[in-house]
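> This is the structure, below, for whatever I ask next.
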Amino acid sequence: MGSPETLHIAIIGGGIGGLALAVALSKSPYHNSIMVDIYEAAAEIAEIGAGIAMLPRTWEIMKILGLSTDLTGHLAHTPNTEPSIVFKFRKSDQCEGVAIKDLVMSGGMMTFHRADVQRVFLKHLGPNCRVHLSRRLVSFTESENKIQLNFGDNSRASCDLIVGADGVNSAVRKSLLRRLSPISEDLKISIEPSWSGIVVYRGLVSSELLAQHLPGHRALKNPMMYCGKNKHLVVYPVSQGRLINVAAFASQPGGEGTVFSGATVADVSNEELMTVYKGWEDEVQALLKCIEKPSRWAVHALSPLKIYASGQVALIGDAAHAMTPHQGSGAGQAIEDSYILSSVIIGALHTRAPITRTTEVYSSIRQPFGNGVLSASRNQGMLYEMTAPGFEHIQEGDSTVPFSRLSDMVAKVAEGWKWAWTTSIEGDRKRALAML
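Just so it is clear: in the sequence shown, position 56 is 56 by the UniProt record's numbering, and no numbers are missing.
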């Protein structure tokens with residue numbers, strides 16, 4: 001990058017994307033030429049207990065980075081390439097649910113407790129990585145060669161490259177796009193996230209407790225997709241099957257793009273949760289009754305960004321493409337961002353390409369792909385909740401929906417999601433390196 005001196009990289013945010021980037025840079029042959037500082041606003045790096053899915057395209061990166069062995073220790077079964085059930089689909093918004101179809105893909109889907117993934121990432125951080133806690137970024141300024149970081153505790157730091165991995169409400173994104181919006185007016189729409197019209201009730205259920213409530217419950221052994229009008233539940237085992245992750249979605253028709261009234265995240269009563277899914281089939285009722293302390297999250301998303309980076313600033317993960325979680329790809333896309341960005345940083349150290357070229361290449365590769373997944377995820381949620389074209393006249397609890405229409409819904413889900421099983425990140429990495 002024009003100089004053999006140490007490259008200082010500041011990663012704002014210690015979530016999945018930020019840690020993945022730090023790990024990838026730690027394992028670089030140029031790690032002695034890179035100093036990574038992770039600035040986390042919280043007092044500790046800890047995630048709310050929730051599940052995380054990894055699909056084969058993301059799992060490929062875990063293998064390349066040498067993380068797959070440690071991660072496999074948190075799975076009930078060793079991953080393989082055999083055809084496996086991704087989800088068992090049911091129409092469940094009625095007293096007697098209907099089995100629709102099993103979505104089967106080669107390699108299936110790996111599911112984890114998010115905290116387990118973070119612990120593995122932290123274990124693999126190299127000596128060139130430093131973690132700073134309770135450091136909330138307030139602003140940053142760019143000079144010709146350096147970036148100055150200003151934090152809420154009045155401390156300061158400097159770096160050569162700042163990477164915003166600070167989530168849907170990213171301070172880095174807001175600062176970057178506000179600076180660029182006078183040049184490109186259409187960037188303004190992506191500065192702030194907007195409500196997707198969706199809330200999700202999250203909880204973890206003890207497998208032992210669920211088995212007591214309803215012996216032989218399908219979710220004890222299989223990932224489940226319970227579908228209904230304007231609502232659906234994503235359910236799968238984590239922590240070697242000891243826990244069941246539950247994400248129960250409820251959409252407000254016409255709510256997308258409006259302002260959510262209330263706390264973005266709130267603890268709620270089990271009674272509220274049961275009321276939302278009143279009338280759904282028994283196995284859904286049994287599952288929800290086992291959630292002792294559910295939390296309700298208002299799902300916010302971004303309008304697709306025109307750029308993911310500019311100058312000495314790059315965005316990854318939700319900071320770049322906060323999306324609805326309907327393709328289980330939010331964390332996976334953050335990891336892909338991190339892998340491509342680390343690859344071009346390392347490649348630029350070899351070719352002595354400037355930082356500005358590095359961020360330009362990163363954005364050109366990741367922006368169209370990440371935005372594509374953002375849009376596909378939104379569309380997939382409409383299929384789960386029977387609000388896609390062709391389902392307009394269906395009401396909640398309608399037991400007369402033709403089975404062929406339900407089966408076609410699952411087929412469309414498979415078609416819109418197959419990229420995660422049939423494509424490889426390596427092609428993108430090679431294209432990126434060729435552009436330096």
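Virtual Cβ for every residue (Gly too), placed ideally from N, Cα, C.
Between the region 330 to 347 and the region 10 to 20, are three or more C-beta pairs nearer than 8 angstroms?
Because the criterion of three Cβ pairs below 8 angstroms is met, the region 330 to 347 and the region 10 to 20 touch.
> Determine the direct distance from the alpha carbon of Val199 to that of Lys27, and round the result to whole angstroms.
Position 27 of the sequence shown holds residue 27. Position 199 of the sequence shown holds residue 199. If I take the Cα positions, the gap works out to 38 angstroms.
> Below 7 angstroms between beta carbons: does that hold for Gly416 and Gln380?
Here residue 416 refers to the residue found at position 416 of the sequence shown. Here residue 380 refers to the residue found at position 380 of the sequence shown. Taking 7 angstroms as the Cβ cut-off, Gly416 and Gln380 qualify as a contacting pair.
> Using beta-carbon positions only, say whether Asn245 and Gly66 come within less than 7 angstroms of one another.
The sequence position of residue 245 within the sequence shown is 245, counting from 1. The sequence position of residue 66 within the sequence shown is 66, counting from 1. Result no, Cβ atoms of Asn245 and Gly66 do not sit closer than 7 angstroms.
> Going along the chain, which residues of its own chain have a beta-carbon closer than 7 angstroms to the beta-carbon of Asn150, five neighbours each way excluded?
As a working mapping, residue 150 is identified with position 150 in the sequence shown. Counting only Cβ-Cβ distances below 7 angstroms, and skipping sequence neighbours, we find Val138, Ser139, Phe140 and Arg156.
> For Phe260, write down the residues that DSSP places opposite it in a beta bridge.
What you label residue 260 is simply residue 260 of the sequence shown in a count that begins at 1. Answer is none; Phe260 lacks a bridge partner.
> Enumerate in chain order the residues of its own chain whose CB-to-CB distance from Ser3 is below 7 angstroms, with the five nearest sequence positions on each side excluded.
For the purposes of this step, residue 3 is taken as residue 3 along the sequence shown, with counting starting at 1. Unreliable positioning characterises Ser3 in this predicted model, as indicated by a pLDDT of 45, which lies under 50. The coordinate reading is nonetheless provided below. For Ser3, where only same-chain residues beyond five positions count, there are no Cβ hits under 7 angstroms.
> Once the 5 residues before and after Leu433 are set aside, which same chain residues still bring their CB inside 6 angstroms of it?
By 1-based counting over the sequence shown, the position of residue 433 is 433. Only Gly347 meet the Cβ criterion.
> From Asn145 to Asp160, what distance separates their C-alpha atoms?
Reading the sequence shown from its first residue, position 145 is the one you call residue 145. Reading the sequence shown from its first residue, position 160 is the one you call residue 160. So the alpha carbons of these two residues sit roughly 7 angstroms apart.
> Excluding five sequence neighbours on each side, which residues of the same chain lie with their C-beta closer than 6 angstroms to the C-beta of Leu243?
In the sequence shown, residue 243 corresponds to position 243, counting from 1. Hits under 6 angstroms: Leu204.
> Rank Cys95, Asn80, Asn230 and Ser407 by C-alpha distance to the C-alpha of Glu256 and give the top, closest one.
Within the sequence shown, residue 256 is the residue found at index 256, counting from 1. Among Cys95, Asn80, Asn230 and Ser407, the Cα nearest to that of Glu256 belongs to Asn230.
> So, with DSSP's three-state summary, where would you put Gly2?
Here residue 2 refers to the residue found at position 2 of the sequence shown. Note on Gly2: pLDDT 43, under 50, position unreliable in the model; no value is reported.
> Where does Ser170 sit, in a helix, a strand or coil, going by DSSP?
Within the sequence shown, numbered from 1, the residue matching residue 170 stands at position 170. Coil.
> What are the boundary residues of the beta strand (DSSP E) that Thr81 is part of?
Position 81 of the sequence shown, counting from 1, holds the residue named residue 81. Note, Thr81: premise wrong, no beta strand (DSSP E); not H, not E.
> Would DSSP call Val344 helix, strand or coil?
Stepping through the sequence shown from its first residue, residue 344 is reached at position 344. Three-state result, Val344: helix.
> Please classify Arg352 as buried or exposed, where buried requires at least 16 neighbouring CB atoms within 10 angstroms.
Your numbering for residue 352 matches position 352 in the sequence shown. Burial call: exposed.
> In the DSSP assignment, the alpha helix (DSSP H) including Trp280 goes from what residue to what residue?
Within the sequence shown, the letter at position 280 stands for residue 280. Unbroken run through Trp280: none, as it is neither H nor E.
> Looking at the unbroken alpha helix (DSSP H) that takes in Gln367, where does it start and where does it end?
Here residue 367 is taken as the residue at index 367 of the sequence shown, counted from 1. Run containing Gln367: Ile355 to Tyr384, per the alpha helix (DSSP H) assignment.
> Any contact between the region 218 to 228 and the region 74 to 90? By contact I mean 3 or more CB pairs, one from each, below 8 angstroms.
As far as the Cβ criterion goes, the region 218 to 228 touches the region 74 to 90, which means the pair count is three or higher.
> Do Gln333 and Gly372 have their CB atoms nearer than 7 angstroms?
If you number the sequence shown from 1, residue 333 lands on position 333. If you number the sequence shown from 1, residue 372 lands on position 372. Not in contact: Gln333 and Gly372 (Cβ atoms no closer than 7 angstroms).
> In the DSSP assignment, what are the bridge partners of Asp102?
Working through the sequence shown from its first residue, we reach residue 102 at position 102. DSSP output for Asp102 lists Lys88 as bridge partner(s).
> What's the gap between the Cα of Ala331 and the Cα of Ser399?
What you label residue 331 is simply residue 331 of the sequence shown in a count that begins at 1. What you label residue 399 is simply residue 399 of the sequence shown in a count that begins at 1. Cα to Cα, the separation comes out at about 35 angstroms.
> Distance check for Lys123 and Cys129, CA to CA, integer angstroms please.
Residue mapping note: residue 129 aligns to position 129 of the sequence shown, counting from 1. Residue mapping note: residue 123 aligns to position 123 of the sequence shown, counting from 1. If you take the alpha carbons of Cys129 and Lys123, they lie about 11 angstroms apart.
> Please report the residue range of the beta strand (DSSP E) in which residue 494 lies.
Nothing about residue 494 can be reported from this structure: the residues present for the chain run from 1 to 436 only.
> If you draw a straight line from the C-alpha of Gly328 to the C-alpha of Ala53, how long is it?
Taking the first residue of the sequence shown as 1, we reach residue 328 at position 328. Taking the first residue of the sequence shown as 1, we reach residue 53 at position 53. Each residue's Cα considered, the two are about 6 angstroms apart.
> Can you give me the C-alpha to C-alpha distance between Pro59 and Gly107, rounded to a whole angstrom?
Position 59 of the sequence shown, counted from the start, is the residue given in the question as residue 59. Position 107 of the sequence shown, counted from the start, is the residue given in the question as residue 107. Note that residue 59 corresponds to Trp in the displayed sequence, not to Pro. Spanning the two alpha carbons is a distance of roughly 10 angstroms.
> With burial defined as no fewer than 16 other Cβ atoms inside 10 Å of the residue's Cβ, what is the status of Gln118: buried or exposed?
For the purposes of this step, residue 118 is taken as the residue at position 118 of the sequence shown. That one is buried.
> Please work out which residues of its chain come closer than 6 angstroms, Cβ to Cβ, to Leu233, disregarding the five sequence neighbours upstream and downstream, and give them in chain order.
Translated into the one-based positions of the sequence shown, residue 233 becomes position 233. The answer, listed in chain order, is Tyr226 and Ala248.
> Considering only C-alpha positions, which residue in the set Ser343, Arg357 and Ile425 is nearest to Ile34?
Here the question's residue 34 lines up with position 34 in the sequence shown. That would be Ser343, whose Cα lies nearest to the Cα of Ile34.
> How long is the line joining the alpha carbons of Ala22 and Ile11, rounded to whole angstroms?
Here residue 22 corresponds to residue number 22 of the sequence shown, with the count starting at 1. Here residue 11 corresponds to residue number 11 of the sequence shown, with the count starting at 1. C-alpha separation (whole angstroms): 8 angstroms.
> Look at the alpha carbon of Trp280 and the alpha carbon of Arg57, and state the distance between them as a whole number of angstroms.
By 1-based counting over the sequence shown, the position of residue 280 is 280. By 1-based counting over the sequence shown, the position of residue 57 is 57. The straight-line gap from Cα to Cα measures roughly 34 angstroms.
> Kindly confirm or deny that the region 172 to 180 and the region 76 to 83 touch, where touching means at least three C-beta pairs closer than 8 angstroms.
Counting Cβ pairs under 8 angstroms, fewer than three are found: no touch.
> Can you tell me the Cα-Cα spacing of Arg431 and Ala420, whole angstroms?
As a working note, residue 431 is residue 431 in the sequence shown. As a working note, residue 420 is residue 420 in the sequence shown. For Arg431 and Ala420, the distance between alpha carbons rounds to 19 angstroms.
> Take every Cβ of the region 283 to 291, pair it with every Cβ of the region 317 to 324, and state whether three or more of those distances are shorter than 8 angstroms.
The region 283 to 291, when compared against the region 317 to 324, does not touch it at the 8 angstroms Cβ threshold.
> Decide if Glu292 is buried, meaning its Cβ has at least 16 other Cβ atoms within 10 Å, or exposed.
Within the sequence shown, the letter at position 292 stands for residue 292. By the neighbour-count rule (16 or more Cβ atoms within 10 Å), Glu292 is not buried but exposed.
> Would you call the region 296 to 316 and the region 184 to 198 touching, i.e. three or more CB-CB distances under 8 angstroms?
The region 296 to 316, when compared against the region 184 to 198, does touch it at the 8 angstroms Cβ threshold.
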